[in-house]
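Residue numbers (the working numbering): 8 to 415.
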């Protein structure tokens with residue numbers, strides 16, 4: 008409207024002697040301006056209303072589809088995710104995505120520098136493992152299980168990673184289940200970690216809202232905040248990708264740690280199709296996750312670990328994860344791929360990625376469904392799992408293990 012205003016001003020200055028005509032022209036122009044503004048506003052309102060109607064119709068269609076698919080199934084709950092609520096991903100598309108992430112992993116890591124607080128958290132993890140190794144050696148000496156001439160300062164420590172540990176409930180239980188292993192729980196959310204009273208006291212987060220703790224104590228599915236962590240457990244706030252990256256590039260970690268198991272319990276499933284690449288098996292860091300459970304052929308610890316353990320109430324998520332592992336096994340990340348992208352890698356990471364992953368064989372199993380009341384050894388390890396068990400929601404477990412070539 009700037010040209011219109013300039014035209015009106017010029018008209019008023021040059022035709023001031025035509026007073027009535029100028030006022031009439033100005034009134035007509037302003038009326039036209041207000042009418043145009045109302046038309047544009049009405050158009051925006053109609054567009055927004057149409058979009059709201061489309062979303063409402065979409066929700067109604069999804070609700071009807073879910074109701075039709077589950078009307079004869081008494082096992083579904085409010086937490087159920089199945090093919091009716093989220094159609095499975097096309098296998099060819101998933102394979103293409105995983106192949107792309109395998110080929111572009113070095114470039115992805117180069118484009119994602121490690122944040123400072125993640126480096127500090129990783130240093131805490133290394134120091135914790137050193138201290139655990141010292142304590143474990145002292146305990147073995149006291150029990151006369153380790154003679155002075157049999158001490159091995161370079162022996163690596165069996166470590167269990169609990170990625171996405173949330174409030175730390177699963178980390179505490181894993182520490183009780185594996186007393187001879189160092190258990191490290193990692194989560195990026197300070198709010199979730201602060202729900203663990205010991206973590207909050209250790210880091211002096213005095214500004215935390217104490218009223219939330221009272222609500223947590225009243226929640227029957229929440230972690231038992233009064234139970235302290237065991238001596239072999241550590242909770243860290245860190246980004247998972249940065250932590251996994253440092254696990255591969257740190258010579259200190261490589262000399263200290265043997266990853267015995269890697270737990271990912273009830274990850275965010277991102278059921279919407281648009282968020283497919285946010286799921287772990289379709290994320291650019293998926294090859295990095297698989298590399299964390301690959302073992303070197305040395306005698307410092309057991310040759311092969313128990314691999315990945317992933318739990319979810321969505322069986323389709325685990326099936327697609329297993330398909331991604333199959334693509335990983337078939338494609339691998341050969342040394343030729345690494346050499347082609349050598350300029351994107353540090354020396355330490357190049358040494359790790361330089362192994363031919365295709366030479367290792369992987370196997371996977373999906374156990375479940377398991378529900379409360381069933382004869383199963385499955386223990387509710389997270390707040391989500393406790394809620395699922397309480398309402399009868401079935402849960403599943405995927406175990407991915409690296410096997411020796413030629414092993415039957």
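Ideal Cβ placement from N, Cα and C applies to all residues, glycine included.
Under 8 Å between C-beta atoms of residue i and residue j
i: residue 101; j: residue 296; result: no
i: residue 300; j: residue 404; result: no
i: residue 137; j: residue 264; result: no
i: residue 169; j: residue 270; result: yes
i: residue 182; j: residue 92; result: no
i: residue 298; j: residue 255; result: yes
i: residue 200; j: residue 171; result: no
Beta-carbon separation (whole angstroms), residue i vs residue j, contact threshold 8 Å
i: residue 429; j: residue 165; result: There is simply no residue 429 to check, as the chain begins at 8 and stops at 415 in what is shown.
i: residue 257; j: residue 139; result: About 17 Å separates the two Cβ atoms, so there is no contact after all.
i: residue 141; j: residue 167; result: In fact, because the Cβ distance is near 19 Å, the residues do not count as touching under 8 Å.
Own chain partners of residue i with C-beta closer than 7 Å, once the 5 adjacent residues on each side are dropped
i: residue 132; result: 191, 241 and 243
i: residue 338; result: 106 and 109
i: residue 88; result: 276, 278, 320 and 321
i: residue 249; result: 121, 122 and 125
i: residue 293; result: 105, 108, 287 and 331
Helix, strand or coil at residue i according to DSSP, with G and I counted as helix
i: residue 269; result: strand
i: residue 182; result: helix
i: residue 279; result: coil
i: residue 150; result: coil
i: residue 114; result: helix
i: residue 262; result: helix
i: residue 119; result: coil
i: residue 202; result: coil
i: residue 173; result: coil
i: residue 105; result: helix
i: residue 189; result: strand
i: residue 332; result: helix
i: residue 410; result: strand
i: residue 165; result: strand
i: residue 318; result: strand
Cut-off 8 Å between Cβ atoms - residues of its own chain near residue i, not counting five sequence neighbours on either side
i: residue 372; result: 405 and 406
i: residue 177; result: 169, 192, 270, 272, 388 and 389
i: residue 196; result: 173 and 244
i: residue 95; result: 323, 326 and 327
i: residue 291; result: 108, 111, 112, 115 and 284
Residue i Cβ short of 7 Å to the ligand FMN heavy atom set
i: residue 86; result: This structure simply doesn't include the ligand FMN, nor any ligand for that matter.
Own chain, CB closer than 6 Å to residue i, minus 5 neighbours either side, in chain order
i: residue 400; result: 84, 86 and 320
i: residue 259; result: 133
i: residue 52; result: none
Is the segment 185 to 196 in contact with the segment 242 to 262, if contact means three or more CB pairs nearer than 8 Å? yes
Is the segment 323 to 338 touching the segment 285 to 292 in the sense that three or more CB pairs, one from each, lie closer than 8 Å? yes
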